[in-house]
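Notes for the one structure printed next.
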Amino acid sequence: MKARHLILLASLSAAITAGCTYSVQAQDSNKIVAASFNDDGSVNAPTDWRKWVFVGSPLTPNALNGGTAPFPEFHNVYVEPSAFAAYEKTGNWPEGTQIAKELALVYQNNNDDVGASTEVSGRGYQQGEFQGLELTVKDTTRFADMPGGWAYFSFGHKAQPYEKTASAFPAEACNACHAASAADDFVFTQFYPVLRAAKGG
Numbered sequence: 564m565k566a567r568h569l570i571l572l573a574s575l576s577a578a579i580t581a582g583c584t585y586s587v588q589a590q591d592s593n594k595i596v597a598a599s600f601n602d603d604g605s606v607n608a609p610t611d612w613r614k615w616v617f618v619g620s621p622l623t624p625n626a627l628n629g630g631t632a633p634f635p636e637f638h639n640v641y642v643e644p645s646a647f648a649a650y651e652k653t654g655n656w657p658e659g660t661q662i663a664k665e666l667a668l669v670y671q672n673n674n675d676d677v678g679a680s681t682e683v684s685g686r687g688y689q690q691g692e693f694q695g696l697e698l699t700v701k702d703t704t705r706f707a708d709m710p711g712g713w714a715y716f717s718f719g720h721k722a723q724p725y726e727k728t729a730s731a732f733p734a735e736a737c738n739a740c741h742a743a744s745a746a747d748d749f750v751f752t753q754f755y756p757v758l759r760a761a762k763g764g
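Using the numbering used here, the letters of the sequence shown correspond one by one to residues 564 to 764.
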């Protein structure tokens, strides 16, 4: 009888522990992984952005932009997974959202006058070498003076290694363009079918 009582208590304890563990995991699953900032306000470059959710790769070839595109040339865009999950669930970008944009140059192989090359898959644009890294962060507390609470950072338009830290651009450098042209909360979702398909709420 005593042994049966002890077994019952042990089972109950295990059930409660499992319930608590599940509750903590559920709470943790709602947390947004935030960017890492320094005391001077600069942000540290993310280290694992290529493992984030890849949402698309718009292209602005240098050859179609007077020889030098503002963001040369492929824009490989990744969203930090916890922010992407929240966007899927609510349809809104949560506080702490991080969006990385890694640039890549067009692959060079006897490219024609519009910068395209002819490969086995046909005539078009292929990705060559990496050419820069940028980060967008939404934090309406830290960046209360920025439209929408979004701040924009560049770790250099150059080959790797990229800069390790970056300071936010002034609002007129980036926010104004996003405010005027971006489709959804300063994000150019009109260029990313993955984001349009994912939007919840």
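Virtual Cβ for every residue (Gly too), placed ideally from N, Cα, C.
{"query": "Which of helix, strand or coil DSSP assigns to residue 714", "result": "strand"}
{"query": "For residue 710 and residue 734, believed in contact at Cβ under 8 Å, the rounded distance", "result": "6 Å"}
{"query": "Residues bridged to residue 679 [DSSP beta-bridge criterion]", "result": "According to DSSP, which records beta bridges pairwise, residue 679 is partnered with nothing at all."}
{"query": "Residues sharing a beta bridge with residue 747, DSSP", "result": "750"}
{"query": "Reference residue 737, options 697, 753 and 619, closest by Cα", "result": "697"}
{"query": "Assumed close pair residue 663, residue 690 - CB separation to whole angstroms, cut-off 8 Å", "result": "Not really, about 16 Å apart at Cβ, beyond 8 Å."}
{"query": "Burial state of residue 669 (16 or more Cβ within 10 Å)", "result": "buried"}
{"query": "Within 8 Å, strictly: CB atoms of residue 546 and residue 700", "result": "In the structure as shown, the chain starts at 564 and stops at 764, and residue 546 therefore has no counterpart that could be examined."}
{"query": "Beta-carbon contacts of residue 743 that lie in its chain and below 8 Å, excluding the five residues immediately before and after", "result": "none"}
{"query": "Beta-bridge pairing of residue 600 - partner residues as DSSP gives them", "result": "606"}
{"query": "Classification of residue 695 by the beta-carbon crowding that lies within 10 angstroms, buried from 16 upward", "result": "buried"}
{"query": "For residue 626, the nearest candidate out of 723, 614, 678 and 704 (CA to CA)", "result": "678"}
{"query": "Range of the contiguous beta strand (DSSP E) that encloses residue 698", "result": "690-701"}
{"query": "Per-residue DSSP class, three states only, for residue 706", "result": "coil"}
{"query": "Cβ neighbours of residue 571 in the same chain (closer than 8 Å, five flanking residues each side left out)", "result": "Note that residue 571 scores 43 on pLDDT, short of 50, meaning its location in the model is unreliable; the coordinates nonetheless yield the value given after this. If we look at residue 571 and ignore the five residues flanking it on each side, it has no Cβ neighbours."}
{"query": "Assigned exposure category for residue 635 - 16 Cβ within 10 Å defines buried", "result": "buried"}
{"query": "Element boundaries [alpha helix (DSSP H), containing residue 758]", "result": "756-761"}
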